[in-house]
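Just so you know, the sequences run in chain order A, B, C and D. Under our numbering, the residue at position 73 of the first sequence is numbered 73, and the numbers go up by one with no gaps. If you want our numbering, it's the 1-based position in the second sequence plus 1000. If you want our numbering, it's the 1-based position in the third sequence plus 2000. If you want our numbering, it's the 1-based position in the fourth sequence plus 3000. From the three backbone atoms N, C-alpha and C, an ideal C-beta is built for every residue, glycine too. Since the structure is predicted, the reported quantities are computational estimates derived from the model, not experimental observations.
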Amino acid sequence: MAQILGALCSSHVPAIGRAMAKNLQQDPYWKPFFDGWPPVHRWLADKRPDVAVVFYNDHGLNFFLDKLPTFAIGAAPQYTSADEGWGIPQVAPFRGDEDLSWHLINQLVAEDFDLTTCQEMLVDHAMTNPMHLMYPDERWAVRIVPIAINTVQFPLPSARRCWALGDAVGRAVRSWQSDAKVMFLGTGGLSHQLDGERAGFMNKDFDLAFMESLIHDPQWATQFNTHQLVEKAGTQGVELIMWLAARAALGDGATLAHQNYHIPISNTASGVMLMDAR
Amino acid sequence: MAQILGALCSSHVPAIGRAMAKNLQQDPYWKPFFDGWPPVHRWLADKRPDVAVVFYNDHGLNFFLDKLPTFAIGAAPQYTSADEGWGIPQVAPFRGDEDLSWHLINQLVAEDFDLTTCQEMLVDHAMTNPMHLMYPDERWAVRIVPIAINTVQFPLPSARRCWALGDAVGRAVRSWQSDAKVMFLGTGGLSHQLDGERAGFMNKDFDLAFMESLIHDPQWATQFNTHQLVEKAGTQGVELIMWLAARAALGDGATLAHQNYHIPISNTASGVMLMDAR
Amino acid sequence: MSFDIPGTTLFDGAQARKGYALNKMCFSFNEAANRAAFLADEDAYCAAYGLNDRQRAAIQARNVLDLIAAGGNVYYLAKFAGIFGLDVQDIGAQQTGMSKDAFKAMLAAHAK
Amino acid sequence: MSFDIPGTTLFDGAQARKGYALNKMCFSFNEAANRAAFLADEDAYCAAYGLNDRQRAAIQARNVLDLIAAGGNVYYLAKFAGIFGLDVQDIGAQQTGMSKDAFKAMLAAHAK
Ligand SMILES: [Fe+3]
Ligand SMILES: [Fe+3]
């Protein structure tokens, strides 16, 4: 049976990619953010995961409003990034884990998750930036299974539904006949808002309470409906549902291995959180 | 509140379209099939539905394996048919009911249905043929909301899940603030198989039992998993889950208004069934 | 995943993985221009979609059972058959090794 | 559906219906060739996507609040902003009526 190592949650804003491209890691603006990553690198070197199941949200690269899935799962041999409208440099392609993709699809559909399956799929900065932060040399040591959750168009799936998705993914991984070591990745957040007169909104108290809850009361955030999450975390802060799904996949109990929180990077309160499975 | 009139279920095989194009309604081969429709025409003239929510399956026109949804719902002002590979003549475009589309999307996502929403959508023979049978002059008297259920790639949603979907759609329509008269349409089946050495398979006993069950024991078919349905009804006979969803949308109790069953049209056991809501 | 319904291959993940290039090509046949391009230069068209040798041979043979074994899905294959004006009874007859008339008689016999 | 979070327009069904043509155009800006085509002939490009007058005016004014009011979704609008090299702090400053420096100072102040 596959072994679950832990979960990593991280912000994914496009500016991270630009900062890495320009080698700004030691720049005073960026240093407090990048200083959050060496403990993650040590963890990866120590644990050596084989596969990462990645909960993230597409920002209008692979999906448009003509076919907008609530939950989409990749089942491709390879995933590539692409120009998202800003001419950003592409990163090396990611290898998929088709065995795990189809195992998850079979298990999740049987549990009444109405997935959209993708045998071909472009992945955007929400995939590339966290992966690049994990592996700065772009030598991806993990195969991936991307799971995209809609944050583009309301109604979004509720935090409660995203918890249930993550929980089912975790159970499916535990039943996977493989000797692979699996980690979960949740990318997005924390509090930020890009649009409207409220642009620039952040909520440090809420973010810290949310991060704390993942260890001691992990379903805490499922009490909030989507509108409440927007109110507390901003229109893009709702991306915290990716963190929630990744935490849910760990199952009962998780221990904090590392965390970092910093305001601001770009328009965002950034968070990094690494949890070991129990 | 919107009023629910009833549900119509029907086969949708491409050959029907060809027969209509060639005016073969009185041809000895086709007459037993087309003779099933005048009672439906009388019902439509009498009840005058304003909107049809249509459960159907796409056969590789609007969806491909790069983005294949389990449940997709249209939210477009208009839906057009298109060449499906055979150069068939197109029919007049269908008017959408966007108000109902979004009402359903909001209600269903809140009930944990993980929909793929489609603001642009081509509809294939599974939509055009039943609509053309209902309105032979191509003057569609109803606005439509298409709901496409995956029958292309396994795992399919279970019969039980499709019943739950239909049930939730029915409840959502009943809560819709509108004076519209709504009907449901379920298209597909009955028993048939196009592929493999088992091509040509049909199962009259099972079909008749299934049709009977929709009146007296409507959840009967939910006892079967997808593999059992393939065994009993053929690889394409699983399209009966559209009938099941349409019946579920009627809620408790339905009375039989009319039915017709005929073997064969094309490779298919054809069924037509009209049920009044109670 | 193997299945115990004789003469039946369910299009599951294993088939979908195997057949992606083939099905993508057949999906393209929704458009008349693509059907014409295939007929104009079958080799080039198959190469552009990256068909493997087995898929290429099955396309060349117009053999539905071989196409299914190579990962083809009947919904997309039907669009390939459409290029040649074949309907579902033609492909049913081919797969069952019957003449079309015999296949149609078999279908009609289910009415009893 | 109106919402009681000040300064916030949720992109719901009502917005999605209103903004489809605009968002479809902005989605096309994922590709460099389309960005160039827009810059080469803005009027023709907007006309090809069927923008209404309000959307056309908001595009012409490069005004984000107007674009949102016309049904634009920030994820697609960001691709439009990208054509002009504007980042999220530029559009944040524009929407809040601040200078970019003032907007950045406001962001930093959240750290306290
Ligand atoms: Fe984001
Ligand atoms: Fe069909």
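Whole angstroms are fine: how far does the CA of residue j sit from the CA of residue i?
i	j	result
R3062 (chain D)	G85 (chain A)	16 Å
A1249 (chain B)	V1152 (chain B)	23 Å
A209 (chain A)	S266 (chain A)	22 Å
R1281 (chain B)	K3079 (chain D)	In the structure displayed, chain B extends from 1001 to 1278; residue 1281 (chain B) sits before or after that span and is not available.
E1111 (chain B)	A1168 (chain B)	8 Å
T3009 (chain D)	I2005 (chain C)	53 Å
V13 (chain A)	Q2089 (chain C)	55 Å
M2001 (chain C)	H1227 (chain B)	Low local confidence applies: a pLDDT of 43 at M2001 (chain C) is under 50, so the model's placement there is unreliable, and no value is given.
P1218 (chain B)	A2014 (chain C)	34 Å
G1200 (chain B)	K1232 (chain B)	13 Å
P1130 (chain B)	I149 (chain A)	34 Å
T255 (chain A)	T268 (chain A)	26 Å
R1143 (chain B)	E1212 (chain B)	29 Å
L3067 (chain D)	L244 (chain A)	32 Å
F1033 (chain B)	C1009 (chain B)	14 Å
W1037 (chain B)	A1221 (chain B)	25 Å
R2035 (chain C)	N260 (chain A)	56 Å
R48 (chain A)	A7 (chain A)	13 Å
F113 (chain A)	S2099 (chain C)	44 Å
D205 (chain A)	K3112 (chain D)	10 Å
D66 (chain A)	D1066 (chain B)	14 Å
A92 (chain A)	P69 (chain A)	26 Å
G1170 (chain B)	F1184 (chain B)	9 Å
D1046 (chain B)	L1005 (chain B)	11 Å
Y1135 (chain B)	E239 (chain A)	47 Å
D27 (chain A)	A3108 (chain D)	16 Å
A2 (chain A)	Q2094 (chain C)	44 Å
A126 (chain A)	P89 (chain A)	14 Å
I215 (chain A)	A3033 (chain D)	47 Å
Can you tell me whether residue i is helix, strand or coil according to DSSP?
i	result
P14 (chain A)	helix
I1079 (chain B)	With the sequence shown as reference, residue 1079 (chain B) is identified as Tyr, and Ile is not the correct amino acid for it. Looking at Y1079 (chain B) - three-state DSSP - the assignment turns out to be strand.
R1063 (chain B)	Residue 1063 (chain B) is actually Phe in this sequence, not Arg. Coil, per DSSP.
F1113 (chain B)	coil
Q1003 (chain B)	strand
L1068 (chain B)	strand
L3010 (chain D)	coil
I1149 (chain B)	strand
G1170 (chain B)	helix
D1099 (chain B)	helix
L1229 (chain B)	helix
L1256 (chain B)	strand
Y1056 (chain B)	strand
Q1107 (chain B)	helix
F1154 (chain B)	coil
R278 (chain A)	coil
R959 (chain B)	For residue 959 (chain B) there is no data in the structure shown, the boundaries of chain B being 1001 and 1278.
Return yes when the Cβ of residue j is within less than 8 Å of the Cβ of residue i, no when it is not.
i	j	result
L2022 (chain C)	L2051 (chain C)	yes
V53 (chain A)	G96 (chain A)	no
D124 (chain A)	S81 (chain A)	yes
G87 (chain A)	F3027 (chain D)	no
D276 (chain A)	A257 (chain A)	yes
T1128 (chain B)	G1017 (chain B)	yes
S191 (chain A)	G237 (chain A)	yes
V272 (chain A)	V40 (chain A)	yes
L1115 (chain B)	L1108 (chain B)	yes
A76 (chain A)	E120 (chain A)	yes
A3070 (chain D)	Q3060 (chain D)	no
I263 (chain A)	M202 (chain A)	yes
E197 (chain A)	T3096 (chain D)	yes
Who are residue i's beta bridge partners in DSSP?
i	result
S1270 (chain B)	B:H1262
F1201 (chain B)	DSSP, once it has assigned bridges, lists no residue as partnering F1201 (chain B).
V182 (chain A)	A:I4, A:V51
I73 (chain A)	A:T117, A:I147
C281 (chain A)	Residue 281 (chain A) lies beyond the residue range present for chain A, which begins at 1 and ends at 278; the question has no answer from this structure.
L122 (chain A)	A:T80
F94 (chain A)	A:Y79
Contiguous alpha helix (DSSP H) assignments of at least 4 residues, all confined to the stretch 2024-2110 of chain C: Every unbroken stretch of the alpha helix (DSSP H) spanning 4 or more residues and falling wholly within the stretch 2024-2110 of chain C is given here in chain order: 2032-2040, 2042-2048, 2053-2061, 2064-2069, 2074-2083, 2088-2096, 2100-2109.
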